[in-house]
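A.B. asks: Here you go, one structure.
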Amino acid sequence: MTRLPVKKTYKLFVGGAFPRSESGRTYEAEGQNVARGSRKDARDAVQAARKAQAGWAAATAYNRGQVLYRLAEMVEARTAEFAELCSGSDEVERTIDRIVWYAGWSDKLPQVLGGSNPVAGPYFNFTVPEPTGVVAVLAPEEPALLGLVSRLVPPLVGGNAVVAVASESHPLAAIELAEAIATSDLPGGVVNILTGRRGEIAPTLASHMDVNAIDLCGADGDGRELEELAAENVKRIVHGRADTQSPWEISSYLELKTVWHPIGQ
Amino acid sequence: MTEVDRRQDRAPVPTDWTYAPAPESRDIVRLAERYGHFIGGEWADPAETYGTIAPRDEEVLAQVGQGTEQDVDAAVTAARDAFANGWSELPGSERAKYLFRIARILQERSREFAVLESLNGGKPIKESRDVDLPLAAAHFFYYAGWADKLEYAFPNRQPKPVGVAGQIIPWNFPLLMLAWKIAPALACGNTVVLKPAETTPLTALLFCDVLRQAELPAGVVNIVTGDGRTGAAIVDHPDVDKIAFTGSTEVGKAIQRRLAGTGKKLTLELGGKAANIVFDDSALDQAVEGIVNGIYFNQGHVCCAGSRLFAQESIVEPLVDKLKQRLETLRVGDPLDKNTDVGAINSKMQLDKITELVAAGKEEGAEIYQPPCRLPEKGYWFAPTVFTNVAQSYRIAQEEIFGPVLSVLTFRTPEEAVEKANNTPYGLSAGVWTEKGSRILWMAQQMRAGVVWANTFNRFDPSSPFGGYKESGFGREGGLHGLEPYLRFEE
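Heads up: the protein sequence lines correspond to chains A and B, in order. By the working numbering, the letter at position 262 of the first sequence is numbered 262, and the numbering carries on one by one without gaps. By the working numbering, the letter at position 334 of the second sequence is numbered 1334, and the numbering carries on one by one without gaps.
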């Protein structure tokens, strides 16, 4: 008699925990019942992200880099599982390398993006990048893993907390990623991943007054409506590409702060 | 007293230290009776005009055009032609020389511009003379130097101009805001359609004469005057590639909404409600100067004005006492008088708004102080005002007043100061006063604001990026960072 395997229940990832949708709903994707996140789940995720954001931003850049590198380690350890859930091991390897590449940026950004400014007067004046706060990410439909990671990691590197909506048709890689994140030393709430109907969740995130920026990479036909909603609190709007790697992806989620102080005896 | 003094027959010491009037002559400004729109290097006759006034006495200075959709379309077409037929292909080093010329001409004609700025806008001549004009010229000078160095600012990104920039500017620093908008746009190889504020079009129109003297190619800069309808026509025009707006948060949100789905680039520099935080170990006299500069500079018509004073509880009384004493020395009056500290309120509409919010402050229970001062009978005036006993929830502590009105609030610990200061949807600027270095840096880190002034306030420089967090907008003006909104990248 062959052994009956134990199957996984696919749930949301919010505040470092794996809850079912508060709505009790699921939908079938890739042959599995996946949690169908509600508007309330989206609001809970934003709250968890806001709570976690300040601590993540206050971590040293060195520490954030190490934590993200640790995430790459965790994905590497699950290469076989991930390969089953996306286009294959090539996509997984590119994903891992991309996380490592971004991890290295955490302690280089301020020197590349900021600096001191030679004002015409006796003042010391400098500009530093800071995280914008809570970022909503609509992950692209494909590539299921690399697409999500390409959109998720840039805001993270700079010290933001993220609420990501996974690929609707291929959500399993995102849930697997949540499990890797949960074991990666990223504080709970810094990354939150929702599965479900994007058209249902996206307007809640776009209009949420405590979300500072939104990446519309995976927006369906409703990009214009989402941008209109986002204007209510002057959100930073990003039209990210599914497969790209650049420090300017990070800077889309950064504010620049300029500080003045007099120089004198 | 010396022997010499005793022997001299001295006049009695005067008891009334009034200043003699010291008006700056306005003869240097020659105004036309009527202005059109500046489109494609020529003056286009407007279909409709309105009178632009001097807020100090409501004198009508000139008739200016109320730009229509057709005017805006003509201006955008001229800008597109200029972009496609030469300007965008011009070597950066040549673009730079036009900008250097503009900077020099502004310096040469600075007195004329300063007088007109004060006349049309109401700000004290000493401010337009010593702040607006030098900074406007400096801004052109700064960005001139970038025009042929863009690839060093953005290595590996192949910077290219965006195209036609639509720029809408406010009435509080009319020429300076024009400089903030036009200088980086041109340095990056774009062409421009700019709309000055409805109430302060004259220095922008005079600027067209600077462009003539600089021999800037026709259509590179186009100026269309008018009210919000003209601005909306610029925002909605399909051939505009980028919108840069400075003004109220309300209008900024409306623009962001209108641009949804269009793919146009956008930068917004919106309102503020800055906290100016004074710790008990600060140099109080310096702090008082900073507070006064923070909120009464330019009649408080400043988006980054320090409109909320947070005083540590142990020093509230001495600080407020010193502040009130200092207010008594402020001279409110004719913007063209060289002794004037606080000029005229820019418009009737703005005066009404300030009056309404001040009434709300009294109504809600705050205690008002205004120094004794005689306000002129004609024109728009508001005495420097301080509110004490202000609660966080009061409208005067929440809403941008954009006038010479300060709300005093208190705190006990640095954490409480941070909590209260950040408790606003705005995030443009903040001030911190303390003699403790580590606290300055900690406070600067904690402030959710784009500009932090420590032991100073309201300092500006073309090399220093300026712009907001949260609902104060996005994008930066000034510095290397101010180039980015006017470029696209072929990475």
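Using N, Cα and C, we set each Cβ at its ideal position, and we do this for glycine too.
1. Which chain B residues sit within Cβ distance under 9 Å of A/Gly-104?
2. Between which two residues does the alpha helix (DSSP H) carrying B/Tyr-1142 extend?
3. List the residues that DSSP assigns as beta-bridge partners of B/Gly-1166.
4. Starting from the beta carbon of A/Val-238, find every residue of chain B whose beta carbon is closer than 8 Å, and list them in chain order.
5. Tell me which residues share the same chain as B/Val-1408 and place their Cβ nearer than 7 Å to its Cβ, disregarding the 5 neighbours each side in the sequence.
6. For the beta strand (DSSP E) that contains B/Phe-1387, what are its first and last residues?
7. Once the 5 residues before and after A/Arg-287 are set aside, which same chain residues still bring their CB inside 6 Å of it?
8. Output, in chain order, the set of chain A residues within a Cβ distance shorter than 9 Å of B/Ile-1440.
9. List, in chain order, every chain B residue whose beta-carbon is nearer than 8 Å to that of A/Arg-224.
10. Under 8 Å, do B/Ser-1110 and B/Ala-1137 count as touching if we go by C-beta distance?
11. Does the CB of A/Pro-279 have a neighbour CB from chain B at under 8 Å?
12. Give me, in chain order, the residues of the same chain whose beta-carbon lies closer than 7 Å to that of B/Ala-1047; leave out the 5 immediate sequence neighbours on both sides.
13. For the beta strand (DSSP E) holding A/Ala-161, just list the boundary residues, first then last.
14. Considering only C-alpha positions, which residue in the set B/Val-1405, B/Ala-1344, B/Leu-1135 is nearest to B/Asp-1377?
15. For the pair the segment 114-124 of chain A and the segment 221-235 of chain A, tell me if three or more CB-CB distances fall below 8 Å.
16. Beta strand (DSSP E) containing A/Gln-32: first to last residue?
17. Note down the Cα distance separating B/Gly-1145 from B/Ala-1079, rounded to an integer number of angstroms.
18. What does the alpha-carbon distance come out to for the pair A/Gly-188 and B/Pro-1335?
19. How about A/Asn-233: is its C-beta nearer than 8 Å to some C-beta of chain B?
20. Less than 8 Å between CB atoms is the rule here; does A/Leu-349 satisfy it with respect to chain B?
21. On a CA-only basis, which of A/Asp-210, A/Leu-172, A/Ala-242 is nearest A/Glu-81? Give me that one, please.
22. Where does B/Gln-1063 fall in DSSP's three states?
23. How would you label B/Ser-1393, buried or exposed, when you count the other beta carbons within 10 angstroms and need 16 or more for buried?
24. From B/Ile-1125 to B/Val-1115, what does the alpha carbon distance come to, in whole angstroms?
25. At what residues does the beta strand (DSSP E) containing A/Gln-47 begin and finish?
26. Could you tell me if B/Tyr-1098 is buried or exposed, where buried requires 16 or more neighbouring beta carbons within 10 angstroms of its beta carbon?
27. Name the chain B residues whose beta carbon is nearer than 9 Å to that of A/Asn-125?
28. Assign B/Asp-1071 to buried or exposed, taking buried as 16 or more other Cβ atoms, counted over all protein chains shown, within 10 Å of its Cβ.
29. Is the segment 1184-1203 of chain B touching the segment 1477-1487 of chain B in the sense that three or more CB pairs, one from each, lie closer than 8 Å?
30. Have a look at B/Gly-1166 and B/Ala-1233 and give me their C-alpha separation to the nearest angstrom.
31. Mind listing the chain B neighbours of A/Leu-256? Cutoff is C-beta to C-beta under 8 Å, in chain order.
32. Between which two residues does the beta strand (DSSP E) holding B/Ile-1223 run?
33. What does DSSP give as the partner residues of B/Trp-1043 in its beta bridges?
34. Run through DSSP, which three-state label would B/Glu-1399 get?
35. Write down the C-beta distance between A/Trp-56 and A/Gly-159 rounded to the nearest angstrom, noting that I regard them as a contact closer than 8 Å.
36. Exposed or buried, what is B/Ala-960 when buried is set at 16 or more other beta-carbons lying within 10 Å of its beta-carbon?
C.D. replies: Taking the definition as stated:
1. Under a criterion of Cβ atoms nearer than 9 Å, no residue of chain B is adjacent to A/Gly-104; the nearest Cβ is some 17 Å distant.
2. Residues 1133-1146.
3. Beta-bridge pairing links B/Gly-1166 to B/Val-1193, B/Ile-1243.
4. For A/Val-238, no chain B residue has a C-beta closer than 8 Å to its own C-beta; the minimum C-beta separation is roughly 11 Å.
5. Only Leu-1309, Ala-1311, Val-1320, Val-1386, Phe-1387, Thr-1388, Val-1390 meet the Cβ criterion.
6. Unbroken beta strand (DSSP E) run through B/Phe-1387: 1385-1388.
7. Nothing in the structure corresponds to residue 287 of chain A, since chain A is present only between 1 and 265.
8. For a Cβ distance threshold of 9 Å, residue set Val-259, His-261 of chain A lies close to B/Ile-1440, ordered along the chain.
9. Contact of A/Arg-224 with chain B by beta-carbon distance below 8 Å involves Ala-1260, Gly-1261.
10. The Cβ-Cβ distance between B/Ser-1110 and B/Ala-1137 falls below 8 Å.
11. A question about residue 279 of chain A goes unanswered here, because the residues of chain A that appear run from 1 up to 265.
12. Correct list, in chain order: Thr-1068.
13. Unbroken beta strand (DSSP E) run through A/Ala-161: 161-165.
14. Reading off the sequence, residue 1377 of chain B comes out as Glu, not Asp. If you compare the alpha carbons of B/Val-1405, B/Ala-1344, B/Leu-1135 with that of B/Glu-1377, the shortest gap goes to B/Ala-1344.
15. The segment 114-124 of chain A, when compared against the segment 221-235 of chain A, does not touch it at the 8 Å Cβ threshold.
16. Here the beta strand (DSSP E) through A/Gln-32 covers 32-35.
17. Approximately 23 Å, taken between the alpha carbons.
18. Rounded to whole angstroms, A/Gly-188 to B/Pro-1335 spans 58 Å at the Cα level.
19. Yes - at least one Cβ of chain B is within 8 Å of the one on A/Asn-233.
20. Here chain A covers residues 1 to 265 and nothing more, so residue 349 of chain A does not appear.
21. Of the listed residues, the one whose Cα sits closest to A/Glu-81 is A/Leu-172.
22. When secondary structure is reduced to three states using DSSP, B/Gln-1063 falls in the strand class.
23. Burial check for B/Ser-1393: the Cβ neighbour count within 10 Å stays below 16, so the residue is exposed.
24. Spanning the two alpha carbons is a distance of roughly 7 Å.
25. No beta strand (DSSP E) holds A/Gln-47; the alpha helix (DSSP H) holding it covers 39-58.
26. Of the residues assessed, B/Tyr-1098 falls on the buried side of the cut-off, its CB having 16 or more other CB atoms within 10 angstroms.
27. Within chain B, the residues near A/Asn-125 are Arg-1459, Asp-1461, Ser-1463, Ser-1464.
28. Burial of B/Asp-1071 is indicated by the presence of at least 16 other C-beta atoms within 10 angstroms of its C-beta.
29. In short, these stretches touch, since the Cβ pair count reaches three.
30. Taking the straight line joining both Cα atoms gives about 10 Å.
31. Ordered by position in chain B, the residues that pass the 8 Å Cβ test against A/Leu-256 are Gly-1450, Pro-1465, Gly-1467, Arg-1476, His-1481.
32. DSSP places B/Ile-1223 in the uninterrupted beta strand (DSSP E) bounded by 1221-1223.
33. Here B/Trp-1043 is bridged, per DSSP, to B/Phe-1038.
34. B/Glu-1399 falls in the coil class under three-state DSSP.
35. The pair is a contact, with the Cβ atoms about 6 Å apart (cut-off 8 Å).
36. With chain B running from 1001 to 1491 in the structure shown, residue 960 of chain B is simply not present.
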